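With this note's numbering, letter number 164 in the sequence shown gets 164, and the count goes up by one each step, no holes.
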Amino acid sequence: MDNPFSTTLITWYSSAKRDLPWRNTKDPYKIWLSEIILQQTRIEQGLPYYNRFMEDYPTVHDLANANQQDVLKLWEGLGYYSRARNLHATAQHISQDLVGKFPDSYHEILKLKGIGPYTAAAIASFSFEEPVPVIDGNVFRFVSRYFGIKKDIADAKNRKYFEKVLNDVISADNPSDFNQGIMEFGATICTPANPKCAECVFQATCYANSHNKQSSLPIKSKKVKVKEQFIYYIVYEHERHTLMKARTESIWNGLFEFQAITSDKALDDEALFGQVSLVEKGDIQEIVGPVKHLLSHRKLWVHFIHLHLKNQSDLEQLSKEFGLTIYSWEEVLTLPRPKVIVNHLQRAVF
Numbered sequence: 001m002d003n004p005f006s007t008t009l010i011t012w013y014s015s016a017k018r019d020l021p022w023r024n025t026k027d028p029y030k031i032w033l034s035e036i037i038l039q040q041t042r043i044e045q046g047l048p049y050y051n052r053f054m055e056d057y058p059t060v061h062d063l064a065n066a067n068q069q070d071v072l073k074l075w076e077g078l079g080y081y082s083r084a085r086n087l088h089a090t091a092q093h094i095s096q097d098l099v100g101k102f103p104d105s106y107h108e109i110l111k112l113k114g115i116g117p118y119t120a121a122a123i124a125s126f127s128f129e130e131p132v133p134v135i136d137g138n139v140f141r142f143v144s145r146y147f148g149i150k151k152d153i154a155d156a157k158n159r160k161y162f163e164k165v166l167n168d169v170i171s172a173d174n175p176s177d178f179n180q181g182i183m184e185f186g187a188t189i190c191t192p193a194n195p196k197c198a199e200c201v202f203q204a205t206c207y208a209n210s211h212n213k214q215s216s217l218p219i220k221s222k223k224v225k226v227k228e229q230f231i232y233y234i235v236y237e238h239e240r241h242t243l244m245k246a247r248t249e250s251i252w253n254g255l256f257e258f259q260a261i262t263s264d265k266a267l268d269d270e271a272l273f274g275q276v277s278l279v280e281k282g283d284i285q286e287i288v289g290p291v292k293h294l295l296s297h298r299k300l301w302v303h304f305i306h307l308h309l310k311n312q313s314d315l316e317q318l319s320k321e322f323g324l325t326i327y328s329w330e331e332v333l334t335l336p337r338p339k340v341i342v343n344h345l346q347r348a349v350f
């Protein structure tokens, strides 16, 4: 028999839940896809991507058989591109090594590439009704406030404590709705700022509400200050063609970019142009930047230097010299690119 906390939460969720496509299925492929897309992503932003993936790759076999470049292109704009690469690799593993059968237990799901404890718990409970609690930022916040837990949620060793608390209250009969409900409650009612305590079904028994601690819970230590990096993209242009190449490392692995000069500090013209034979190769048409682009671990300041080349032979020489490939602008638009380049090309006129 479920406890009062679980019963109250599931009752609230049954009437308040948002209508989302992955909530109307037990298919682990669809649930897995939605969870990977929604990592570090708002539902409003992730929903169109989910729909496009389901349209292009309706089954795990379809995704497994896709070209990785096409997968990255479909993912373009979501960021954290390692998610897309792991998604593709895991689809191939499930399709080929597991003959299309998705693992059906938390511990087996956890073995899949790109899947951590939260995602494994979500799939195990949503698809297979295994009573394993999910813990994300919304859950940490709600549970900290409701139970009055004064432990730093940024400290990984405290996760076990939260797991124990949730294991004591998770519904054994309906873990799917319990887990979806507790995340939904944190996202829509027990929000980071201005929580809706007046309409909260737990207000009478909530520690934070009773002690006026909503603003001080959860406890979360400050993140390490992100580092700055400066990127100078050299956009070579000749007769509606340019030069790009795919990254082979970093979080942008597999994404296409222009020739890049990177530095931990801003470069003056002499330091920058000394690294590239700009003057004799062509004319600088435009310099755009710095454009601020935030990543989870780094703040980027990006410049785009558009250089019009005088001769086709210069384009070919630079292609060989820097290992770049010649693309028409029409072809460039079909390539997967970092969002900062996508945004720049949307405003540029060629």
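All C-beta atoms, glycine included, are put in the ideal place defined by N, C-alpha and C.
In this text, all values refer to a predicted model and were calculated from it rather than measured experimentally.
- Between the beta-carbon of residue 306 and the beta-carbon of residue 226, is there less than 7 Å? Taking the sequence shown and counting its residues from 1, one reaches residue 306 at position 306. Taking the sequence shown and counting its residues from 1, one reaches residue 226 at position 226. Contact check for residue 306 against residue 226 fails: the beta carbons are separated by 7 Å or more.
- Kindly list the residues whose CB is nearer than 6 Å to the CB of residue 279, restricted to its own chain and excluding five residues on each side of it in sequence; keep chain order. Looking up residue 279 in the sequence shown gives position 279. Model confidence at residue 279 stands at a pLDDT of 45, short of 50, so the residue's coordinates are unreliable; what they give is reported in the following sentence. Around residue 279: no qualifying Cβ.
- Measuring CB to CB, does residue 115 end up less than 7 Å from residue 83? As a first step, residue 115 must be located in the sequence shown, where it is residue number 115. As a first step, residue 83 must be located in the sequence shown, where it is residue number 83. No, the Cβ-Cβ distance between residue 115 and residue 83 is not below 7 Å.
- Item | Residues bridged to residue 244 (per DSSP) | The count along the sequence shown starts at 1 and reaches residue 244 at position 244. DSSP output for residue 244 lists 325 as bridge partner(s).
- Using three-state DSSP, classify residue 115 as helix, strand or coil. Within the sequence shown, the letter at position 115 stands for residue 115. Residue state, collapsed to three classes: coil.
- Just the C-alpha distance for residue 46 and residue 95, rounded to the nearest angstrom, thanks. The residue labelled residue 46 in the question sits at position 46 within the sequence shown. The residue labelled residue 95 in the question sits at position 95 within the sequence shown. The alpha-carbon atoms of residue 46 and residue 95 are separated by roughly 24 Å.
- Does DSSP classify residue 69 as helix, strand or coil? Against the sequence shown, residue 69 aligns to sequence position 69. Reduced to three states, the DSSP call for residue 69 is helix.
- Query: For the candidate residues 132, 171, 291 and 146, whose alpha-carbon lies nearest to that of residue 160?
  - Reply: Taking the sequence shown and counting its residues from 1, one reaches residue 160 at position 160. Residue 132 is the option with its Cα nearest to residue 160.
- Message: Tell me the DSSP secondary structure of residue 108 in three-state form.
- Response: If you number the sequence shown from 1, residue 108 lands on position 108. The answer is helix: DSSP assigns residue 108 an H, G or I state.
- Report the residue from 258, 335 and 151 whose alpha carbon sits nearest the alpha carbon of residue 221. Sequence index remark: in the sequence shown, residue 221 carries index 221 (1-based). The candidate whose alpha carbon is nearest that of residue 221 is 151.
- Message: In whole angstroms, give me the CA-to-CA distance for residue 256 and residue 228.
- Response: Residue 256 sits at position 256 when you count from the first residue of the sequence shown. Residue 228 sits at position 228 when you count from the first residue of the sequence shown. Near 22 Å, if we compare the C-alpha coordinates of residue 228 and residue 256.
- Item | Pairwise C-alpha distance: residue 146 and residue 104 | The count along the sequence shown starts at 1 and reaches residue 104 at position 104. The count along the sequence shown starts at 1 and reaches residue 146 at position 146. Their backbone Cα atoms lie some 32 Å apart in a straight line.
- Item | Local conformation of residue 279 per DSSP, three classes | Numbered from its first residue, the sequence shown carries residue 279 at position 279. Per-residue confidence for residue 279 stands at a pLDDT of 45, beneath the threshold of 50, marking its modelled position as unreliable; no derived number is given.
- Item | Own chain partners of residue 119 with C-beta closer than 6 Å, once the 5 adjacent residues on each side are dropped | Here residue 119 is taken as the residue at index 119 of the sequence shown, counted from 1. Correct list, in chain order: 35.
- Query: Taking buried to mean at least 16 other C-beta atoms within 10 Å of its own C-beta, is residue 4 buried or exposed?
  - Reply: The residue you call residue 4 lines up with position 4 of the sequence shown. With fewer than 16 other Cβ atoms within 10 Å, it is exposed.
- Would the beta-carbon of residue 125 fall within 7 Å of that of residue 179? Along the sequence shown, read from residue 1 onward, the residue named residue 125 stands at position 125. Along the sequence shown, read from residue 1 onward, the residue named residue 179 stands at position 179. In contact: residue 125 and residue 179 (Cβ atoms closer than 7 Å).
- Item | Short Cβ contact (7 Å threshold) for residue 140 with residue 190 | By 1-based counting over the sequence shown, the position of residue 140 is 140. By 1-based counting over the sequence shown, the position of residue 190 is 190. It is not a contact, given that the beta carbons lie outside the stated cut-off.
- Item | Within 7 Å, strictly: CB atoms of residue 246 and residue 254 | Here residue 246 refers to the residue found at position 246 when the sequence shown is read from its first residue. Here residue 254 refers to the residue found at position 254 when the sequence shown is read from its first residue. Taking 7 Å as the Cβ cut-off, residue 246 and residue 254 qualify as a contacting pair.
- Using the C-alpha atoms, what's the distance from residue 49 back to residue 68? As a working mapping, residue 68 is identified with position 68 in the sequence shown. As a working mapping, residue 49 is identified with position 49 in the sequence shown. Their backbone Cα atoms lie some 16 Å apart in a straight line.
- Query: Of all Cβ atoms in chain C, is any one closer than 7 Å to the Cβ of residue 312?
  - Reply: The structure shown contains no chain C; it holds only a single protein chain.
- Item | For residue 258, the nearest candidate out of 327, 163, 52 and 289 (CA to CA) | Residue numbering aside, residue 258 sits at position 258 when the sequence shown is read from its first letter. Selected option, being the one with the closest Cα: 327.
- Would you mind giving the Cβ-Cβ distance between residue 340 and residue 303, rounded to the nearest angstrom? I have them listed as a contact below 8 Å. Here the question's residue 340 lines up with position 340 in the sequence shown. Here the question's residue 303 lines up with position 303 in the sequence shown. Between residue 303 and residue 340 the Cβ distance is about 11 Å, and since that is not below 8 Å, they are no contact.
- Excluding sequence positions up to five away, which residues of its chain have a Cβ less than 6 Å from the Cβ of residue 89? To locate residue 89, count along the sequence shown from 1; it is residue 89. Here the set comprises 113.
- Query: Roughly how many angstroms separate the alpha carbons of residue 244 and residue 101, rounded to a whole number?
  - Reply: For the purposes of this step, residue 244 is taken as residue 244 along the sequence shown, with counting starting at 1. For the purposes of this step, residue 101 is taken as residue 101 along the sequence shown, with counting starting at 1. In a straight line, the C-alpha of residue 244 is about 39 Å away from that of residue 101.
- Exposure of residue 329, with buried meaning 16 or more beta-carbon neighbours within 10 Å: Your numbering for residue 329 matches position 329 in the sequence shown. By the neighbour-count rule (16 or more Cβ atoms within 10 Å), residue 329 is not buried but exposed.
- Message: Can you find the residues in the same chain that come closer than 6 Å, C-beta to C-beta, to residue 201, ignoring five residues on each side of it along the sequence?
- Response: Translated into the one-based positions of the sequence shown, residue 201 becomes position 201. So the qualifying residues of the chain are 8 and 12.
- Item | Three-state secondary structure assigned by DSSP to residue 288 | Within the sequence shown, numbered from 1, the residue matching residue 288 stands at position 288. Strand at residue 288.
- Task: From the DSSP output, in three-state form, read off residue 231 for me.
- Result: Your numbering for residue 231 matches position 231 in the sequence shown. Strand.
- Task: Closer than 6 Å by C-beta to residue 28: which residues in its own chain qualify, once you throw out the five before and the five after it? Chain order, please.
- Result: Looking up residue 28 in the sequence shown gives position 28. Hits under 6 Å: 102, 123 and 127.
- Query: Between the beta-carbon of residue 333 and the beta-carbon of residue 238, is there less than 7 Å?
  - Reply: The residue you call residue 333 lines up with position 333 of the sequence shown. The residue you call residue 238 lines up with position 238 of the sequence shown. In this structure, the beta-carbon distance from residue 333 to residue 238 does not fall below 7 Å.
- Task: Have a look at residue 297 and residue 80 and give me their C-alpha separation to the nearest angstrom.
- Result: Taking the sequence shown and counting its residues from 1, one reaches residue 297 at position 297. Taking the sequence shown and counting its residues from 1, one reaches residue 80 at position 80. Rounded to whole angstroms, the gap between the alpha carbons of residue 297 and residue 80 is 11 Å.
- Under 7 Å, do residue 176 and residue 6 count as touching if we go by C-beta distance? Here residue 176 is taken as the residue at index 176 of the sequence shown, counted from 1. Here residue 6 is taken as the residue at index 6 of the sequence shown, counted from 1. Between residue 176 and residue 6, the gap from beta carbon to beta carbon reaches 7 Å or more.
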